Amino acid sequence: MILVYNYMAHGCLRDHLFRTKQPPLTWNRRLEICIGAARGLHYLHASHIIYRNVSAGKILLDEKWVAKITDLSLSRIGLSSGDTLVVDTAIVGTPGYLDHEYYMTNLCTEKSDVYSFGVVLLEVLCARPVIDRNRPDEERLLSRWALQCKKDGNLDRIIDPYLMGRINPWCLNKFAKTAEKCLAYKGTDRPSMADVVSDLEDALHLQVSAEVCEGAMDEGVVVGMDFDDLAPATPSRSL
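Note that our numbering has the sequence shown beginning at 292, numbered continuously upward.
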């Protein structure tokens, strides 16, 4: 048997986030990649498949930067338990991406995938690996450190320096809240991937609308343009 795959010209997402000599990804492109990957996971969950190995290294990018979920070798068809898909299995996956309930119960659900995707969202925002042993103890595990910074109101500490001044504050808030919801301790408190897709699309809309407003403001008054149609009072400044 021969398996034929599309050529992924831009490699994996991880290769563009840290320890790379390539130009940093723009924030809009990062959002589009996250949306594409979220749609892929939503498709799997809608087909009763639990991916079980979500990570930045498993998200490939084609020549148009469209995200593709790869390597379904650890995926399993979940048994329906109420509104939840469940797989009773030995623990597999990449350290740093696995949720607490999976560790404690050996039960992997689609909400385990949601947790792992929340970690990916943090990698995208911070441009840091999920585990970095070269960091101080409190910063080594990305998810724990980032959530603590958000709780303390120090979100600016975790943002990729390249992105400073390039993210609309409403977009940043929406994105950070989405990641936080994905990383909820209890699986039942996490959103579905359909909800994650919707939230990320909203974040992208906020970013694009703010950029359009800023561009129009820079050029002066534009005849016939109604800024209320572009964004609902979206602030024009960026963090």
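The C-beta atom is built at its ideal place from N, Cα and C for all residues, glycine as well.
Just so we're clear, the structure is a prediction, and the values are computed from it rather than from any experiment.
query                                                                                                                                                                  : result
Could you give the DSSP three-state label for T400: helix, strand or coil?                                                                                             : strand
Can you tell me whether G409 is buried or exposed? The criterion is at least 16 other CB atoms within 10 Å of its CB, across all chains shown.                         : buried
In this structure, what does DSSP give as the bridge partners for L352?                                                                                                : A358
Please report how far the alpha carbon of V499 lies from the alpha carbon of P452, in whole angstroms.                                                                 : 20 Å
When you compare the CB positions of V345 and S407, do they come within less than 8 Å of one another, or not?                                                          : yes
Okay, do the region 391-407 and the region 338-352 touch, 3+ Cβ pairs below 8 Å being the bar?                                                                         : yes
Within this structure, are the beta carbons of I449 and L491 separated by less than 8 Å?                                                                               : no
So, helix, strand or coil for L304, using DSSP?                                                                                                                        : helix
Taking the alpha-carbon positions, what's the Y388 to M484 distance?                                                                                                   : 16 Å
Check I458 in the structure and name its three-state DSSP category.                                                                                                    : coil
Note down the Cα distance separating I360 from G456, rounded to an integer number of angstroms.                                                                        : 30 Å
Bridge partners for L432 per DSSP, in chain order?                                                                                                                     : I422
Can you round the beta-carbon distance between L304 and I326 to whole angstroms, since I take them to be within the 8 Å contact cut?                                   : So it is not a contact: roughly 13 Å between Cβ atoms.
For G302, count neighbouring C-beta atoms within 10 Å of its own C-beta (all shown protein chains included) and say buried if the count is 16 or more, exposed if not. : exposed
Looking at the structure shown, is I449 part of a helix, part of a strand, or coil, going by DSSP?                                                                     : coil
Sort out for me which residues DSSP pairs I326 with in a bridge.                                                                                                       : Answer is none; I326 lacks a bridge partner.
Is it true that the CB of R431 sits closer than 8 Å to the CB of V422?                                                                                                 : The identity of residue 422 in the sequence shown is Ile, whereas the question assumes Val. Taking 8 Å as the Cβ cut-off, I422 and R431 qualify as a contacting pair.
Does G331 pass the burial test, meaning 16 or more other C-beta atoms within 10 Å, or should it be called exposed?                                                     : buried
Could you tell me the distance, in whole angstroms, from the CA atom of E502 to the CA atom of L316?                                                                   : 17 Å
For my contact list, D362 and M299 are in at a C-beta cut-off of 8 Å; report their separation, rounded to the angstrom.                                                : Actually they do not touch by this definition, with Cβ atoms about 12 Å apart.
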